[in-house]
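Peer 1:
Residue numbers (the working numbering): 12 to 533.
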């Protein structure tokens, strides 16, 4: 794919550079946010379509898990490799080719004739998706050499990522109420078309001028290590620790990642410069991101079920109910740079994490008839805290790395999100599931098969309640809701503890940390 005419325009980079960069940089930022928005939507929209595609494709239970998980497995495994590849071959080139592939594969997924075909399409979409996220943030680093503008641009970038995650259920709910399940993939096409057409002309190319040789063994170790580790975490949450494949995957994953780390320290030109982690601002920001996503993701995942299955909202209504988090994240993300300049990054990140922790703590009193005003306020606080924290940590991560390694640094940031999400859903999800199974009571009159489904999950109990009538259905529904809420409240408390611990860690690790914008100001 052609690099476009603007790639020849010099784009000055460097912390504290007063140059304002390319004239079309704000249009370029708009193009980049399209890809971020789309990948974030795609990560959340499929969950709503599962019941519909299950009826059409009739996947087995194992195949259904792979349809939902394999996309995130592949993205987690390839982020570091894709980020460093963009540093070498050109971030614009990787972004545009990845976008074209993502759009084409979305069509393949939408019209998949079988569960196996859909799984294969999701694997390929994960490969393409992995090329988008680190490339976008690395390009922001190079398009905006002015520190203050870059801080604002990162805020926009982060806000669109949060918006995509929240709009996924809204868009998915609307489409599923009017079209077939494949429509949730076809929404990618017009966005990708705009991204490619405008991006060819408006995005400047950037790469590492002296990338060194490409180390295939390091790339393979990163891929195997991440995929095996994430697989072990998710399978342990679903089936427990007493399975040989969980332990085998964990040993392989941890071993491969350890080998990867040691190898990077011994290479003259590593795939990922592990010395970045010696910078407390970099490592503290990565840790803060990982713990934040860990504490939030499991709760947000189950909160969607609460809105639909406990409070009876439609998928579209549930998606709309979560919008206060998006609004809070957008506003605070745009103000984060100003706040960091006035208060220091340490204060802003710590305050953001504390706000999320307090909001999750407020969910420990959640009940079936909790008014939406209360829940909406909690979600707004979560969004505000996340917008401040994620925007400033992204700025610190990019500012801590040399501009030629922006793709690799961005990939580390994105990998922290993926690992945090996997850990959060696995650990907090196992808390909710375990407490649910231990507390749910099946009344007499429910068939053995329906009772088995009801013991597995809240969704299974809702389906089982539809097979019986009268007081039996009412008793089963109340028991399942009470058991689910008990698990959700305890998981909320655990998530709050994780976020408050992250706030404490950030307070110590980010001592003295400054964004490039703050350095210019002072």
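Each residue gets a CB set at the ideal place from its N, CA and C atoms; glycine is no exception.
Being a predicted model, the structure only gives us computed values, none of them experimental.
(1) Taking 8 Å as the cut-off, does the segment 84-93 touch the segment 227-237 (at least 3 CB pairs, one atom from each stretch)?
(2) What number of angstroms, rounded off, separates the C-alpha of residue 148 from the C-alpha of residue 166?
(3) Using 10 angstroms around the beta-carbon of residue 255, count the other beta-carbons present and answer buried if the total reaches 16, otherwise exposed.
(4) Excluding the 5 residues flanking residue 188 on each side, which residues of the same chain have their C-beta closer than 7 Å to its C-beta?
(5) What does the alpha-carbon distance come out to for the pair residue 107 and residue 334?
(6) Could you check if residue 208 is buried or exposed, using at least 16 other CB atoms within 10 Å of its CB as the buried criterion?
(7) Does the beta-carbon of residue 258 have 16 or more other beta-carbons within 10 angstroms, so that it is buried, or is it exposed?
(8) Please report the residue range of the alpha helix (DSSP H) in which residue 275 lies.
(9) Decide if residue 319 is buried, meaning its Cβ has at least 16 other Cβ atoms within 10 Å, or exposed.
(10) Starting from residue 110 and walking both ways along the alpha helix (DSSP H), at which residues does that stretch end?
(11) By alpha-carbon positions, which one of 374, 491 and 404 ends up nearest to residue 502?
(12) Taking the alpha carbon of residue 74 as the point to measure from, which residue in 348, 130, 114 and 240 has its own alpha carbon closest?
(13) Indicate the three-state DSSP secondary structure (helix, strand or coil) for residue 379 in the structure shown.
(14) What is the rounded straight-line gap between the Cα of residue 420 and the Cα of residue 447?
(15) Could you give the first and the last residue of the continuous alpha helix (DSSP H) run that contains residue 196?
(16) What are the boundary residues of the alpha helix (DSSP H) that residue 519 is part of?
(17) Less than 8 Å between the CB atoms is what I'm expecting for residue 515 and residue 302, so what's the real figure, rounded?
(18) If we ignore side chains and look at the alpha-carbon of each, how far apart do residue 444 and residue 329 end up?
(19) Which same chain residues end up closer than 6 Å to residue 117 when comparing Cβ atoms and leaving out the 5 residues on each side of it in sequence?
(20) Might you give, ordered along the chain, the residues of its own chain that have their beta carbon closer than 8 Å to the beta carbon of residue 278, omitting 5 neighbours on each side?
(21) Between which two residues does the alpha helix (DSSP H) carrying residue 371 extend?
(22) By Cβ distance, which residues of its chain are closer than 6 Å to residue 392, with the 5 residues on each side in sequence left out?
(23) Does DSSP put residue 313 in a helix, in a strand, or in coil?
(24) Report yes or no: do three or more beta-carbon pairs, one from the segment 473-491 and one from the segment 427-442, lie closer than 8 Å?
(25) Roughly how many whole angstroms lie between the Cα atoms of residue 423 and residue 213?
(26) Do residue 105 and residue 46 have their C-beta atoms closer together than 7 Å?
(27) Less than 7 Å separating the beta-carbons of residue 140 and residue 405?
(28) What residue range is occupied by the uninterrupted alpha helix (DSSP H) comprising residue 214?
(29) Considering residue 464, what are the terminal residues of the alpha helix (DSSP H) in which it resides?
(30) Alpha carbon to alpha carbon, how far is residue 20 from residue 35?
(31) How long is the line joining the alpha carbons of residue 425 and residue 237, rounded to whole angstroms?
(32) What separation, rounded to the nearest whole angstrom, lies between the Cα atoms of residue 144 and residue 323?
(33) Kindly indicate which three-state DSSP category residue 455 falls into: helix, strand or coil?
(34) Suppose contacts are defined by Cβ-Cβ distances below 7 Å. Is residue 407 in contact with residue 356 by that definition?
(35) Check this for me: beta carbons of residue 451 and residue 494, under 7 Å apart or not?
(36) For residue 289, count neighbouring Cβ atoms within 10 angstroms of its own Cβ and tell me buried if that reaches 16, exposed if not.
Peer 2: Concretely, from the data shown:
(1) yes
(2) 11 Å
(3) exposed
(4) 327
(5) 30 Å
(6) exposed
(7) exposed
(8) 255-277
(9) buried
(10) 102-121
(11) 374
(12) 130
(13) coil
(14) 40 Å
(15) 194-197
(16) 481-520
(17) In fact, because the Cβ distance is near 10 Å, the residues do not count as touching under 8 Å.
(18) 21 Å
(19) 196 and 199
(20) 226 and 229
(21) 356-373
(22) 366 and 370
(23) helix
(24) no
(25) 26 Å
(26) no
(27) no
(28) Unbroken run through residue 214: none, as it is neither H nor E.
(29) 459-467
(30) Its pLDDT being 35, under 50, residue 20 is placed unreliably in this model, and the coordinates cannot settle the point.
(31) 12 Å
(32) 35 Å
(33) coil
(34) yes
(35) yes
(36) exposed
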